[in-house]
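Here is the structure we will look at, set down as structure tokens.
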Amino acid sequence: MLPILVQIGFFKLYTFGIFLALAFFWGCYYIWKNIQLTSFKEDDVFDAIFMALFGGIIISRLVHVVFHFSDFGFNILKILLVNGYPGFSFWGFVLGFFIAMGMYCNNNKLKFEELIDYVVPPLFLAIAISKLGSFFAGVEVGTKTTFPLAIKYAAFDGLRHVTPLYEALLLFLAVWIAHRLIFTIRREVISRGFLMLFFFWYLSAVYFAFD
984 MLPILVQIGF
994 FKLYTFGIFL
1004 ALAFFWGCYY
1014 IWKNIQLTSF
1024 KEDDVFDAIF
1034 MALFGGIIIS
1044 RLVHVVFHFS
1054 DFGFNILKIL
1064 LVNGYPGFSF
1074 WGFVLGFFIA
1084 MGMYCNNNKL
1094 KFEELIDYVV
1104 PPLFLAIAIS
1114 KLGSFFAGVE
1124 VGTKTTFPLA
1134 IKYAAFDGLR
1144 HVTPLYEALL
1154 LFLAVWIAHR
1164 LIFTIRREVI
1174 SRGFLMLFFF
1184 WYLSAVYFAF
1194 D
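Positions 984 to 1194 (our numbering) are the ones given, in order, by the sequence shown.
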């Protein structure tokens, strides 16, 4: 695939990094559009989002360290020096994101169960875009297959499933479903906070099916 999108001398733009940036900006834009439907203040919502991202990154790193403790031990420098000792836990980030947002909402008297319904579709979108980045950058490699829809990855033998592409397509579908469910919730057909349960169920199902 294409791990480096642009290289000019020592300057490099990594494909996966570009997609992560796109995921962040499109996710923020989608959240901004969603909160126009609510009485929440933009400043409050984006403060909650940035605190959730910060909490997600910290928990993600700590979970990775715990599961790879033999590589890190109690060496604080190894834990802090992400460039030299890389590694983050995806599920650690997801849990940290929700926990940090819940704590922020509780401390600032925001209705978490109401706000989270408007955050879930953009979160699905951000993860879907990052999965596309994984596909184009060759970060995630599927198992060997004879299935017609397969590609050859450098440094890997045989043809491989395009697993991150499958996941991305299903997550884009989740964006549409979650967006439609928002209006069902607004009509009070479904209770507030339902989309958080839908998020964990759907994302777990996708990961379980392919991983």
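Ideal placement from N, C-alpha and C gives every residue a C-beta, glycine not left out.
- Annotation for A1111: the continuous alpha helix (DSSP H) segment containing it runs F1095 to A1120.
- Counting C-beta pairs with one atom in each stretch, the stretch 1108–1122 and the stretch 1140–1156 have three or more that are closer than 8 Å, which means they touch.
- Of the residues V1122, F1107, S1113 and Y1136, the one whose Cα lies closest to the Cα of L1186 is F1107.
- By the criterion of a C-beta distance shorter than 7 Å, V1158 is surrounded in its chain by P1104, F1107, L1108 and A1111, once the five residues flanking it on both sides are discounted.
- Contact between G1085 and F1073 fails: their C-beta atoms lie close to 19 Å from each other, not under 8 Å.
- The residue from Y1190, Y1012 and V1065 with its alpha-carbon nearest to that of T1146 is Y1190.
- Each residue's CA atom was taken as its position, placing G1079 and I1040 some 7 Å apart.
- F994 and A1133 have their C-alpha atoms spaced approximately 32 Å apart.
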